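K.L.:
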Amino acid sequence: MAQIYQGYSILDVDRWPQRLRDKWRDPVPGVDILPGATLESYWYGPVNSLLGWAFSTHLFEFDVALQRFPSLQNPGAVDFVAKASQETFIVQMRNAPVLIVEIMDPSHLSNTQSRQAADDQIRLRYRQMLDLCPIDTLYGISIIGRYMRVYYASKEGERIIYPTRPVYPGMHPDAVLPANHLQGQWNTEVISLAGFREFKAIVSRILTELPQR
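Throughout the sequence shown, residue numbering follows UniProt numbering, covering 1 to 213 in sequence.
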């Protein structure tokens, strides 16, 4: 198990540091977002700070990398899909992923198709990276604006074990999804006490699963 900075790490405290909390405020239009930048990109700074603090260790076991993936969308894709993020935060140990963090702007909470796009995207990252994970479980977090949804995948089972995809018995594969599809699934605010506990549990599990050195 990697050694954490004693006295001031996510495992030593019971809430987010105030300076980190201060970063998680809604952006002011025309002030916090540079010309030409996306709303989604505003959240990269707060997420980078959060991950860097949460995974700080004495042994520098972890790196936080923002990686860009080539777009898989068709030129004719509808607008909300075409704008889906192709940049992913990856917490890695010796260049192997232990945590995937996908970020999308708050508009993706507003309708069925955009919530499905967010879910599809992180599941795609799992298909791309699960085999590379150096521990038994590859963890994932989908962040939409200020809210998060946690994922787990087992290397042994080669599949996402939580959350499972909703099933609608009798629905044709090409049918329109129900209006409440995935509604309320991103229901934990990242910077809340519940969000802190989710992150702390993930960091603890990852550290426990690391091979002994």
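Don't be surprised by glycine CBs; every beta carbon is placed ideally from N, CA and C.
Note that the structure is a prediction, hence the values are computed from the model and not measured.
So, with DSSP's three-state summary, where would you put Thr38?
P.N.:
Thr38: coil per DSSP, three-state reduction.
K.L.:
Classify Asp120 as helix, strand or coil using the three-state DSSP reduction.
P.N.:
Three-state result, Asp120: helix.
K.L.:
Can you tell me the Cα-Cα spacing of Tyr44 and Trp24, whole angstroms?
P.N.:
Going by the C-alpha atoms only, they are around 11 Å apart.
K.L.:
Provide the residue span of the beta strand (DSSP E) that contains Ser204, from first to last.
P.N.:
Not the beta strand (DSSP E): Ser204 falls in the alpha helix (DSSP H), residues Leu193 to Glu209.
K.L.:
Counting along the chain, where does the alpha helix (DSSP H) carrying Gln18 start and finish?
P.N.:
First-last of the alpha helix (DSSP H) with Gln18: Gln18 to Lys23.
K.L.:
Within the same chain, show all residues whose beta-carbon is closer than 6 Å to that of Pro211, passing over the 5 residues directly before and after it, in chain order.
P.N.:
Hits under 6 Å: none found.
K.L.:
Does the separation of the CB atoms of Met93 and Phe62 fall below 8 Å?
P.N.:
Yes, the pair counts as a contact, with Cβ atoms nearer than the cut-off.
K.L.:
If you check the beta carbons only, do Leu11 and Val203 fall under 8 Å apart?
P.N.:
Cβ atoms of Leu11 and Val203: closer than 8 Å.
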